[in-house]
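Its first residue numbered 24, the sequence shown is counted upward by one per residue in my numbering.
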Amino acid sequence: MFSIGEISQQTGVSTQTIRYYERIALLPEPCRANNGYRVYDETDTERLQFVNRARQLDFALDDIAEILAFRERNEAPCSVVMDMMAQQINEIDKRIADLIRLREELAQLHRIGLTMPEDIEMKHCVCHLIKTGIQNEERANE
């Protein structure tokens, strides 16, 4: 049996997060010791490690709850998890594409800024560069 501090150390999940997972039912209500402190067993530790790993893979808490519900019904969640992973991959690809576009725009504005004469006050050119980038984007969208 483990205290909340011990299970926190074992899993790397903060005690606040553990309590939150209990409130939203990702973790079952733990047993209590005579002093009222939470007491966890190995099953709780394994479940918390699973939830933590799923969060590291950026699964939403609702998706994790759905996966755990399959487990509790002794059903294999594999096809559902595969669908979730495919959706997750698509979302990551979209974020990567957005970040690449953002990086390219910032790099272009930076290159333009490097070509500006040194006598321009930097407090004005930074705003000018950002505004120029916004105006160029508006023209591109017309």
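Glycine included, every Cβ here is placed at the ideal spot set by N, Cα and C. All values derive from a computational prediction rather than experimental measurement.
- Partner residues in the beta bridge of V62, as assigned by DSSP, are C54.
- DSSP, read as helix, strand or coil, puts F82 in coil.
- In this structure L49 is in contact with L84, their Cβ atoms being roughly 7 Å apart against a cut-off of 8 Å.
- The criterion of a C-beta distance shorter than 8 Å is satisfied by L71 and V36.
- Taken atom to atom, the span from the alpha-carbon of N113 to that of E89 is near 20 Å.
- By the Cβ-count criterion, A120 is exposed, with fewer than 16 other Cβ atoms from all chains shown falling within 10 Å of its own Cβ.
- Using a 10 angstroms sphere on the CB of T34, the tally of other CB atoms reaches 16 or more, which defines it as buried.
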